[in-house]
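Peer 1: Structure below; questions to follow.
Number of protein chains: 2
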Amino acid sequence: MSPAALSNVTLPADLSLDSGQALSGVSIAYEAYGALNAAKDNAILVCHALTGDQFVASEHPVTGKSGWWERMVGPGKPVDTDRFFVICANVIGSCMGSTGPASEASDGRPYAMRFPVITIRDMVRGLVGLLDVLGIERLHTAVGGSMGGMQVLSIAANFPERANRVLAIATTARHSAQNIAFHEVGRQAIMADPAWHNGDYYAAGAQPDAGLAVARMAAHITYLSEEGLTRKFGRRLQDRPDGSAGAKSFGFDADFQVESYLRYQGSGFTRRFDANSYLYITRAMDYFDLAEEHGGTLAEAFAGSKARFCIVSFDTDWLYPTSESRHIVHALNAAGAPVSFVELSAPYGHDSFLLDVPALDRVVKGFVG
Amino acid sequence: MSPAALSNVTLPADLSLDSGQALSGVSIAYEAYGALNAAKDNAILVCHALTGDQFVASEHPVTGKSGWWERMVGPGKPVDTDRFFVICANVIGSCMGSTGPASEASDGRPYAMRFPVITIRDMVRGLVGLLDVLGIERLHTAVGGSMGGMQVLSIAANFPERANRVLAIATTARHSAQNIAFHEVGRQAIMADPAWHNGDYYAAGAQPDAGLAVARMAAHITYLSEEGLTRKFGRRLQDRPDGSAGAKSFGFDADFQVESYLRYQGSGFTRRFDANSYLYITRAMDYFDLAEEHGGTLAEAFAGSKARFCIVSFDTDWLYPTSESRHIVHALNAAGAPVSFVELSAPYGHDSFLLDVPALDRVVKGFVG
Numbered sequence: 001m002s003p004a005a006l007s008n009v010t011l012p013a014d015l016s017l018d019s020g021q022a023l024s025g026v027s028i029a030y031e032a033y034g035a036l037n038a039a040k041d042n043a044i045l046v047c048h049a050l051t052g053d054q055f056v057a058s059e060h061p062v063t064g065k066s067g068w069w070e071r072m073v074g075p076g077k078p079v080d081t082d083r084f085f086v087i088c089a090n091v092i093g094s095c096m097g098s099t100g101p102a103s104e105a106s107d108g109r110p111y112a113m114r115f116p117v118i119t120i121r122d123m124v125r126g127l128v129g130l131l132d133v134l135g136i137e138r139l140h141t142a143v144g145g146s147m148g149g150m151q152v153l154s155i156a157a158n159f160p161e162r163a164n165r166v167l168a169i170a171t172t173a174r175h176s177a178q179n180i181a182f183h184e185v186g187r188q189a190i191m192a193d194p195a196w197h198n199g200d201y202y203a204a205g206a207q208p209d210a211g212l213a214v215a216r217m218a219a220h221i222t223y224l225s226e227e228g229l230t231r232k233f234g235r236r237l238q239d240r241p242d243g244s245a246g247a248k249s250f251g252f253d254a255d256f257q258v259e260s261y262l263r264y265q266g267s268g269f270t271r272r273f274d275a276n277s278y279l280y281i282t283r284a285m286d287y288f289d290l291a292e293e294h295g296g297t298l299a300e301a302f303a304g305s306k307a308r309f310c311i312v313s314f315d316t317d318w319l320y321p322t323s324e325s326r327h328i329v330h331a332l333n334a335a336g337a338p339v340s341f342v343e344l345s346a347p348y349g350h351d352s353f354l355l356d357v358p359a360l361d362r363v364v365k366g367f368v369g
Numbered sequence: 001m002s003p004a005a006l007s008n009v010t011l012p013a014d015l016s017l018d019s020g021q022a023l024s025g026v027s028i029a030y031e032a033y034g035a036l037n038a039a040k041d042n043a044i045l046v047c048h049a050l051t052g053d054q055f056v057a058s059e060h061p062v063t064g065k066s067g068w069w070e071r072m073v074g075p076g077k078p079v080d081t082d083r084f085f086v087i088c089a090n091v092i093g094s095c096m097g098s099t100g101p102a103s104e105a106s107d108g109r110p111y112a113m114r115f116p117v118i119t120i121r122d123m124v125r126g127l128v129g130l131l132d133v134l135g136i137e138r139l140h141t142a143v144g145g146s147m148g149g150m151q152v153l154s155i156a157a158n159f160p161e162r163a164n165r166v167l168a169i170a171t172t173a174r175h176s177a178q179n180i181a182f183h184e185v186g187r188q189a190i191m192a193d194p195a196w197h198n199g200d201y202y203a204a205g206a207q208p209d210a211g212l213a214v215a216r217m218a219a220h221i222t223y224l225s226e227e228g229l230t231r232k233f234g235r236r237l238q239d240r241p242d243g244s245a246g247a248k249s250f251g252f253d254a255d256f257q258v259e260s261y262l263r264y265q266g267s268g269f270t271r272r273f274d275a276n277s278y279l280y281i282t283r284a285m286d287y288f289d290l291a292e293e294h295g296g297t298l299a300e301a302f303a304g305s306k307a308r309f310c311i312v313s314f315d316t317d318w319l320y321p322t323s324e325s326r327h328i329v330h331a332l333n334a335a336g337a338p339v340s341f342v343e344l345s346a347p348y349g350h351d352s353f354l355l356d357v358p359a360l361d362r363v364v365k366g367f368v369g
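Residue numbers (UniProt numbering), protein chains in the order written: chain Y, 1 to 369; chain L, 1 to 369.
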């Protein structure tokens with residue numbers, strides 16, 4: 001589908017950040033679908049994941065691929081754009097139009113590593129700034145998977161009056177040591193690339209593509225289940241470009257299909273994503289600990305919320321396993337919040353929230369109502 | 001303890017490899033402990049893991065650290081050097097004295113990427129060559145964990161007359177798609193480092209340390225359990241070098257203890273390991289599929305074996321989970337081989353085989369007899 005609006009707003013006020021710093025002239029790039037009603041009570045905010053963007057249901061301008069949640073958002077779909085005004089905005093720190101490390105600072109040069117370190121709550125401050133500009137007091141629903149789920153939980157905790165319903169999918173209320181470790185590998189891969197050049201590569205011919213590709217490859221493994229990888233690739237060998245059937249090369253070419261797939265994922269990613277954005281967004285995720293923000297008790301984070309919640313996990317997600325969702329649900333119960341919780345069965349691991357899982361469609365449709 | 005012998009033998013015959021190539025003048029560096037008896041029937045071969053070496057129970061000459069299985073091998077220990085002649089040899093392809101990519105080829109220059117791609121079976125051919133030189137017809141026991149386990153299974157399958165007892169710990173009979181994927185990330189990290197220079201870095205000032213460190217960091221995460229990481233580090237912040245207590249830096253320093261730990265693991269590794277060896281050995285492990293070598297049926301691999309087997313897995317090992325050990329045990333049962341199998345409970349993930357797990361000591365002691 002085509003977007004109803006392709007927009008980029010500049011927030012009128014400075015954005016105060018958790019670091020104590022502030023950002024001026026913040027741009028928020030967003031896509032919107034459907035129409036906002038007169039009461040302005042039919043808005044749904046979709047929050048994107050680490051490497052996602054605002055193109056939730058429209059063609060990506062760089063890759064030409066269809067929207068990342070096209071199966072979920074559109075006319076007659078679970079998030080029905082015939083009934084709802086659906087907004088998806090690029091988070092600050094990212095690279096698809098919202099202010100991030102590649103944006104120009106006041107001196108006209110890219111921020112690069114002068115960009116302040118941000119948090120998930122800072123991203124949410126940017127999103128709430130957009131809602132203010134759009135005149136949306138209260139969302140019908142805030143929905144997101146993975147890092148998008150962190151954002152909707154953060155909205156519930158920090159802006160409890162801004163969303164009636166909160167749907168968090170395949171996510172966590174805090175990054176675990178293992179989560180941090182995988183992100184640290186990615187960051188080190190980027191920073192080890194001489195083309196990274198302490199982040200000052202925007203005017204250079206070379207970009208830290210090699211490091212960013214390795215970071216993406218490492219992360220990509222965590223998005224898939226072992227079972228899914230085995231089903232999809234097993235130990236099958238790659239056919240050769242010359243058309244010959246798969247055989248071990250006794251060399252370092254991509255012999256196995258899974259190697260070829262990972263290399264493709266890595267190199268494709270570098271064409272659409274900024275390495276510094278990857279550093280900043282992974283840092284924000286690693287810093288995320290909703291309980292810590294609220295006196296150390298997760299239930300306290302939700303104490304002021306009047307929203308209804310739905311928490312969804314996937315049985316093969318080992319990045320943010322069901323135990324993390326259960327932890328959120330316990331806190332919501334302790335806070336007296338109405339919450340439904342479901343663990344869905346799907347073979348795709350963490351990426352299940354993006355893929356063909358009809359049960360998820362039904363949960364989303366049912367909860368959005 | 002001090003080694004009884006620190007030796008390096010040159011195999012008298014060329015080593016024919018699975019690739020169809022051959023290696024001449026192969027050196028095998030090994031350590032030996034205890035005394036070989038007159039009947040030469042008290043020899044135990046310990047096989048090392050990917051980044052391991054022959055210094056199983058003696059000080060590492062580079063790091064000065066004690067042997068990697070000091071808790072298991074020594075006088076009065078489960079592998080008792082008062083009774084057994086214990087041998088541990090560096091595998092070919094590695095970098096602690098056995099022939100590998102850093103060794104001189106016939107033209108006097110390092111092989112680098114001219115070194116042939118080897119397999120686990122090729123490593124075992126090298127080990128059997130050493131046993132021939134030492135006059136050991138038949139091992140009392142072959143024991144190994146992780147890649148060492150692959151080697152002892154390969155001995156049982158390919159040289160069934162050479163070992164009476166085979167003890168394989170925390171291992172697999174084939175590398176899964178996920179195993180291959182993690183290794184591929186490591187290889188790409190090394191090969192993305194400009195200092196790698198297509199493997200020709202031995203005479204250069206710069207070594208591909210940055211890439212090798214990233215490879216090690218990614219792999220290291222797979223050696224630990226999520227539970228172990230959480231127990232050891234959780235989300236605890238790192239104290240600062242200036243002595244100040246842990247606080248978020250809102251920067252890209254190692255804020256979390258787990259980040260600092262991983263960086264330390266990565267940089268320490270580069271001081272003792274060769275990047276090209278890492279490429280070759282991970283390739284050998286990815287190629288490992290014992291069934292494929294034997295007509296596609298794992299039971300066939302063990303059809304000619306007369307050995308007794310013991311297979312050990314750990315409940316928190318997600319690199320080579322218990323299901324992989326069970327797969328081996330089923331095949332051994334189908335082949336009519338005597339086998340005992342135990343899943344041990346330990347919080348450390350794959351690395352449990354190297355760590356303080358008293359139950360493993362008892363299993364090893366009992367099986368070695």
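For each residue, glycine too, the CB sits at the ideal point set by N, CA and C. If you're wondering where the values come from, they're calculated on a predicted model, not measured in any experiment.
Give me the Cα-Cα distance between R71(L) and K77(L), rounded to the nearest whole angstrom.
Peer 2: One C-alpha to the other measures close to 7 Å.
Peer 1: Go ahead and pull the three-state DSSP assignment for L224(Y).
Peer 2: Of the three classes helix, strand and coil, the one that applies to L224(Y) here is coil, per DSSP.
Peer 1: Taking R263(L) as part of the beta strand (DSSP E), name the residues at either end of that continuous run.
Peer 2: Segment 257-270 is the alpha helix (DSSP H) holding R263(L); no beta strand (DSSP E) there.
Peer 1: Helix, strand or coil: which one does DSSP assign to R174(L)?
Peer 2: Strand.
Peer 1: Can you list, in chain order, the stretches of the alpha helix (DSSP H) that have 4 or more residues and sit fully within the stretch 307-360 of chain L?
Peer 2: Whole alpha helix (DSSP H) segments, 4+ residues: 322-334.
Peer 1: Could you check what DSSP says for I136(L) in three-state terms: helix, strand or coil?
Peer 2: Residue state, collapsed to three classes: coil.
Peer 1: State the DSSP-derived secondary structure class of P110(L), mapped to helix, strand or coil.
Peer 2: If DSSP states are grouped into helix, strand and coil, P110(L) belongs with the strands.
Peer 1: From A331(Y) to F302(Y), what does the alpha carbon distance come to, in whole angstroms?
Peer 2: Answer to the nearest angstrom: the Cα atoms are 8 Å apart.
Peer 1: Where does T10(L) land, buried or exposed, given buried means 16+ other C-beta within 10 angstroms?
Peer 2: Under this definition T10(L) is an exposed residue.
Peer 1: Excluding sequence positions up to five away, which residues of its chain have a Cβ less than 6 Å from the Cβ of G369(Y)?
Peer 2: Counting only Cβ-Cβ distances below 6 Å, and skipping sequence neighbours, we find nothing.
Peer 1: Starting from the C-beta of S345(Y), find all residues in its chain whose C-beta is less than 6 Å away, skip the five residues before and the five after it, and write them out in chain order.
Peer 2: Once the five neighbours on either side are set aside, the close Cβ partners of S345(Y) are D315.
Peer 1: Identify the contact partners of I328(Y) in chain L, using a Cβ-Cβ distance below 8 Å as the criterion.
Peer 2: Simply none; closest approach about 16 Å.
Peer 1: Taking all protein chains shown into account, decide if N198(Y) is buried (16 or more other Cβ within 10 angstroms of its Cβ) or exposed.
Peer 2: N198(Y) comes out exposed.
Peer 1: When DSSP builds the beta bridges, which residues end up paired with A189(L)?
Peer 2: Answer by DSSP bridge pairing: none, since A189(L) is not bridged.
Peer 1: Quick check on N158(L): does DSSP put it in helix, strand or coil?
Peer 2: N158(L) falls in the helix class under three-state DSSP.
Peer 1: Does the structure place the stretch 32-51 of chain Y close enough to the stretch 86-105 of chain Y that three or more beta carbon pairs sit under 8 Å?
Peer 2: As far as the Cβ criterion goes, the stretch 86-105 of chain Y touches the stretch 32-51 of chain Y, which means the pair count is three or higher.
Peer 1: Using a threshold of 8 Å, state whether the C-beta atoms of G145(L) and A170(L) are closer than that.
Peer 2: Yes. Within cutoff.
Peer 1: Contact check, K248(L) vs Y30(Y) under 8 Å by CB: the rounded distance?
Peer 2: Going by Cβ atoms, the distance from K248(L) to Y30(Y) rounds to 29 Å, so no, they are not a contact pair.
Peer 1: Taking DSSP as the reference, what is the three-state secondary structure of A5(Y)?
Peer 2: In this prediction, A5(Y) scores a pLDDT of 45, lower than 50, which makes its location untrustworthy; no coordinate-derived value is stated.
Peer 1: Quick check on the DSSP output: the beta strand (DSSP E) that includes S27(L) runs from which residue to which?
Peer 2: 27-33 is the extent of the beta strand (DSSP E) around S27(L).
Peer 1: Find the residues of chain Y that neighbour L279(L), judging by a C-beta separation of less than 8 Å, and give them in chain order.
Peer 2: F252, listed in chain order.
Peer 1: Tell me, please, whether the CB atom of E259(Y) is closer than 8 Å to any CB atom in chain L?
Peer 2: For E259(Y), the answer is yes, since a Cβ of chain L falls inside 8 Å of its Cβ.
Peer 1: By DSSP, does E59(L) sit in helix, in strand, or in coil?
Peer 2: If DSSP states are grouped into helix, strand and coil, E59(L) belongs with coil.
Peer 1: Look up S16(L) in the DSSP assignment and give the residues it is bridged to.
Peer 2: Answer is A22(L), bridged to S16(L).
Peer 1: Under 8 Å between C-beta atoms, does E226(L) make it to chain Y?
Peer 2: Yes, its Cβ sits closer than 8 Å to a Cβ of chain Y.
Peer 1: Counting only Cβ-Cβ distances shorter than 7 Å, please list the residues of the stretch 123-136 of chain L near chain Y, keeping chain order.
Peer 2: Within the stretch 123-136 of chain L, no residue qualifies.
Peer 1: Taking C-beta pairs closer than 9 Å, name the residues in chain Y that G93(L) reaches, listed in chain order.
Peer 2: Within chain Y, no residue comes near G93(L); the closest Cβ sits about 13 Å away, beyond 9 Å.
Peer 1: Report the rounded CA-to-CA distance for R125(L) versus A35(L), giving the unit in angstroms.
Peer 2: So the two alpha carbons sit approximately 24 Å from each other.
Peer 1: Could you check what DSSP says for V364(Y) in three-state terms: helix, strand or coil?
Peer 2: Helix at V364(Y).
Peer 1: For A210(Y) and chain A, any beta-carbon pair shorter than 8 Å?
Peer 2: Absent from the structure is chain A; the protein chains it does hold are Y and L.
Peer 1: Would you tell me roughly how many angstroms separate the C-alpha atoms of I281(Y) and A168(L), rounded to the nearest one?
Peer 2: Each residue's Cα considered, the two are about 42 Å apart.
Peer 1: I'd like to know if E184(L) contacts chain Y, where contact means its C-beta is closer than 8 Å to some C-beta of that chain.
Peer 2: With 8 Å as the cut-off, E184(L) counts as an interface residue toward chain Y.
Peer 1: Cβ of S2(L) less than 8 Å from any chain Y Cβ?
Peer 2: With a pLDDT of only 46 at S2(L), under the threshold of 50, the placement of this residue in the model should not be trusted, and no figure is reported.
Peer 1: Taking only beta-carbon atoms, is V79(Y) less than 8 Å away from chain L?
Peer 2: With 8 Å as the cut-off, V79(Y) does not count as an interface residue toward chain L.
Peer 1: In this structure, what does DSSP give as the bridge partners for F85(Y)?
Peer 2: According to DSSP, which records beta bridges pairwise, F85(Y) is partnered with A43(Y).
Peer 1: Is R121(Y) close to chain L? Criterion is C-beta to C-beta, closer than 8 Å.
Peer 2: No, its Cβ sits nowhere closer than 8 Å to a Cβ of chain L.
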